[in-house]
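> This is the structure I have questions about; it appears just below.
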Amino acid sequence: MNNIIVSSCLLGNNCKYNGGNNFKPELTLLSKKYHLIPFCPEVMGGLSTPRVPAEIRGKKVINQNQIDVTEAYLKGANLCLELAKKNNCQYAILKSKSPSCGFGLIYDGSFTKKAIKGNGITADLLYKNGIVILNENNYSQKL
Ligand code: SF4
100 MNNIIVSSCL
110 LGNNCKYNGG
120 NNFKPELTLL
130 SKKYHLIPFC
140 PEVMGGLSTP
150 RVPAEIRGKK
160 VINQNQIDVT
170 EAYLKGANLC
180 LELAKKNNCQ
190 YAILKSKSPS
200 CGFGLIYDGS
210 FTKKAIKGNG
220 ITADLLYKNG
230 IVILNENNYS
240 QKL
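Using my numbering, read the sequence shown as starting at 100 and increasing by one per residue.
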């Protein structure tokens, strides 16, 4: 059975910045065919839940209190890549628009819900290492 990394919040874990989740019940059906590995890069990077929301600004990740949290995001991304490699993951299903998990579109750093082209820190690192990045809306086209 192939292994797939999945954003932990999509599987119902309360690791979102506000203490909630982004549960996508249909995703759990994939566990009949794949071994799903839940992972939250922000929590694994050392951030607490709940936490102050953050967005990417240039090459940095800045939270709404104007604190630079880039280091925690990089740590979480590297741990996620390590886990994906250890488990030979070909795919990752990551929550769209997140500053960690978003792929193709992210919020613009102004905390006004305006999306721009770009990748979250973890999604970008996994992608650059050959992992196919899917999200909660398009995964069924591939899997
Ligand atoms: Fe979900 Fe990713 Fe945000 Fe964690 S970092 S709460 S897995 S979107």
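Glycine included, C-beta positions come from ideal geometry on N, C-alpha and C.
Should residue 186 go down as buried or exposed, given a rule of 16 or more other Cβ atoms within 10 Å for buried?
Here residue 186 refers to the residue found at position 87 of the sequence shown. The residue is exposed, with fewer than 16 neighbouring Cβ atoms inside 10 Å.
> Please confirm if the region 124–135 is in contact with the region 158–171, defined as three or more CB-CB distances below 8 Å between the two stretches.
No, the region 124–135 does not touch the region 158–171.
> Taking its Cβ as the centre, do 16 or more other Cβ atoms sit within 10 Å of residue 243, making it buried, or is it exposed?
This structure does not reach residue 243, given that the chain is present from 100 up to 242, and the question cannot be answered.
> Are there any heavy atoms of the ligand SF4 lying less than 8 Å away from the beta-carbon of residue 142, as far as the coordinates show?
For the purposes of this step, residue 142 is taken as residue 43 along the sequence shown, with counting starting at 1. Checking the Cβ of residue 142 against the ligand SF4 gives yes.
> Are the Cβ atoms of residue 197 and residue 106 separated by less than 9 Å?
Here residue 197 refers to the residue found at position 98 of the sequence shown. Here residue 106 refers to the residue found at position 7 of the sequence shown. Taking 9 Å as the Cβ cut-off, residue 197 and residue 106 qualify as a contacting pair.
> May I ask you to list the residues that DSSP assigns as paired with residue 216?
Along the sequence shown, read from residue 1 onward, the residue named residue 216 stands at position 117. Answer is 204.
> Taking the DSSP output, what are the residues bridged to residue 137?
Position 38 of the sequence shown, counted from the first residue, corresponds to residue 137. In the DSSP output, where bridge partners are listed per residue, residue 137 has 105.
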